[in-house]
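Encoded as structure tokens, the structure appears first; notes follow it.
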Amino acid sequence: MEYIPFGNTGLTVSRVGFGGIPIQRIDAEGTAELFEKLIECGVTYIDTARGYTVSEEYIGYAIEKLGVRDKLVLATKSMAADREAMAKDIETSLRNLRTDYIDLYQIHNPSPAKLDTILAPGGALEALIEAKEAGRIGHIGLTAHSAAVFERALGLDFVESIMFPYNIVETQGKELVERCREAGKAFVAMKPLAGGAIEDGRAAIRYLLTDPGVTVVIPGMYLPSEVEENTSLDSSPLTADEEERIASIRSTLTGNFCRRCGYCAPCTVGINIPSVFLFEGYLERYGLEEWARGRYAGLPVKASECIECGLCEERCPYELPIRAMLKKAAEAFGE
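Letter by letter, the sequence shown follows residues 16 to 350 of the numbering used here.
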């Protein structure tokens with residue numbers, strides 16, 4: 016395992032971290048067994064979120080049972096926008112994770128408008144700063160799916176780390192990743208396998224480990240065998256064979272894969288097109304049906320409401336057949 020400074024925070028983390036979404040598929044005891052393997056393989060960076068149902072609780076149980084809190088850098092996140100809700104979420108996270116401090120607490124995927132609320136008087140940032148001053152959290156980060164939010168976060172002094180989808184096929188943030196490194200902020204590469212669309216996990220993770228802008232890669236894992244495979248990789252230069260496999264992956268996914276760049280917006284009827292495809296990916300590839308359906312149910316406008324105007328397809332730089340893809344998603348979710 017290779018280790019690297021986590022931006023300018025003073026923390027040091029493993030280059031391969033742990034993404035805490037898939038453990039919703041197992042249980043607390045299974046998570047403890049998984050964490051034994053994570054520790055054995057040298058993983059120190061642990062990512063979860065308030066929104067990942069039982070993930071924080073399972074991780075807290077595993078950490079307490081194994082007595083390994085001091086070996087880990089714990090990162091979680093909240094979608095709360097106001098001070099009171101964020102303060103409540105921080106306390107819930109501390110309780111779930113069975114710890115008296117969390118190394119990194121992140122603002123979870125805000126829209127531009129929601130970020131304005133978070134930063135305004137009475138917003139969630141106040142609670143984060145108070146918790147940091149009290150020693151309840153160590154550092155503040157931000158996660159995003161929008162390149163516009165990523166770019167704005169680069170200019171926010173309190174943001175010490177940024178998480179963003181970045182992988183072989185989702186490279187729309189490449190310039191921002193480099194700017195993140197130059198700004199001294201840690202960069203966390205989420206969705207390294209593009210939500211399960213990339214089947215060659217070795218090539219996907221090696222691609223990211225060789226990028227100097229990437230601080231830590233967080234593949235979602237719930238099997239010890241996945242931990243062994245993902246942590247066996249290093250940042251040595253890509254071989255010709257790996258370069259060829261990466262080119263093949265890009266070619267295979269071109270034309271049918273949403274990069275969540277947002278250029279398709281605004282939808283005529285208000286469908287959040289990238290979110291529809293994101294949740295469909297969880298439904299089909301992660302095996303998290305209940306969680307995916309719950310997230311999809313929260314969308315105010317469903318895929319089935321598409322009027323097939325085609326404006327989204329005219330804007331899409333990847334020429335995706337969005338109307339057909341929305342129809343497929345509507346069928347998968349039943350609405």
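Glycine is no exception: its CB is placed at the ideal position from the N, C-alpha and C atoms.
Predicted, not measured: the structure shown is a model, and the values here were computed from it.
Taking a cut-off of 8 Å for Cβ pairs, the region 318-331 and the region 273-285 touch, as three or more such pairs fall below it. The continuous beta strand (DSSP E) containing K92 extends over residues 88-93.
Nearest to M178 by alpha-carbon distance, out of G82, L303, Q121, is Q121. G153 has its alpha-carbon roughly 20 Å from the corresponding atom of A159.
Three or more Cβ pairs drawn from the region 21-33 and the region 192-212 lie within less than 8 Å of each other, which places the two stretches in contact. Contact between M94 and H123 holds: their C-beta atoms lie close to 4 Å from each other, under 8 Å. Looking at the backbone, the Cα of A204 and that of N182 are separated by about 8 Å. Taking all protein chains shown into account, R110 has fewer than 16 neighbouring C-beta atoms within 10 Å of its C-beta and is therefore exposed.
Contact between F33 and I61 holds: their C-beta atoms lie close to 5 Å from each other, under 8 Å. With fewer than three CB-CB distances shorter than 8 Å, the region 209-223 does not count as touching the region 166-176.
Contact between L130 and F165 is absent: CB atoms are separated by about 11 Å, not below the 8 Å threshold. Under the three-state reduction of DSSP output, S108 falls in the helix class. In this structure, DSSP gives I322 a state outside helix and strand, which the three-state scheme calls coil.
Rounded to whole angstroms, the gap between the alpha carbons of E214 and L208 is 7 Å. Within the same chain, Cβ atoms closer than 6 Å to the Cβ of G235 are found at G34, I36, P37, the five residues on either side in sequence being excluded. Per DSSP, reduced to three states, the secondary structure at L298 is helical. With respect to P180, R275 sits close: the two C-beta atoms are nearer than 9 Å.
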